[in-house]
Amino acid sequence: MPLEKLKSREVDQLFEAILTLRTVEECYRFFDDLCTVNEIYSLAQRLEVARMLRKGCTYSQIEMETGASTATISRVKRCLNYGNDGYELVLSRLEEAKEAKGRSSSGKALPASSHDEGGA
1 MPLEKLKSRE VDQLFEAILT LRTVEECYRF FDDLCTVNEI YSLAQRLEVA
51 RMLRKGCTYS QIEMETGAST ATISRVKRCL NYGNDGYELV LSRLEEAKEA
101 KGRSSSGKAL PASSHDEGGA
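Residue 1 is where the sequence shown starts when you use UniProt numbering, and the numbers rise one by one after that.
The following block contains the structure:
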C-alpha cells in the first residue's frame, strides 16, 4: 500500500503511542487493550513468515510451522520483494539486537557500532 494512503492524524497518533512503549510487557498490555487476540496472532504470524522467507524456507515449511495460508505467505513475500522495506528494517534490527545481547551475555567486549560513528 502506498504510504500516502495510510497517513493520517489517527495513524500518526497510533504509531507515536507504540513508540512510547519501553518493554515487551508494556507492549503486551497495550496491544491486549487495542487488538483482539486473533489480530495480535495474525501480526506475529506475518512477521514470522517474513523471517522464514528471508531465511529461504519453502512455502510448505512455513505453512507447517506457522499455520499461515499460502495467500498470507504470498502477500508477505510480495511485501518483502516490492514493499516499503519495513519487514527488512525490523528483522535486521531484531537480528542485530539478538547478536548484541549474545555478545554482551558472553562477557566479550562489544565493538563500536557503525551507528555511533560520525559524532553526537
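A virtual CB, placed ideally from N, CA and C, is assigned to each residue, including glycine. Every value quoted in this text rests on a predicted model; they were computed, and no experiment measured them.
A Cβ-Cβ separation of about 26 Å leaves L53 out of contact with L19 under the 8 Å criterion. Counting only runs of at least 4 residues, the segment 5-67 fully encloses the following alpha helix (DSSP H) elements, listed from N- to C-terminal order: 9-19, 24-34, 37-55, 59-66. The DSSP-derived three-state label of S74 is helix. Taking a 10 Å sphere around the C-beta of V49, we find 16 or more other C-beta atoms and assign the residue as buried. With a 10 Å radius around the Cβ and a threshold of 16 neighbouring Cβ atoms, V11 comes out exposed. For Y59 against I73, the beta-carbon gap comes to about 5 Å, under 8 Å, which counts as contact.
About 5 Å separates the beta carbon of L21 from that of C27, a gap short enough to meet the 8 Å contact definition.
V90 is positioned such that its CB atom lies no closer than 8 Å to that of R46. Where S92 is concerned, the enclosing alpha helix (DSSP H) starts and stops at 86-105.
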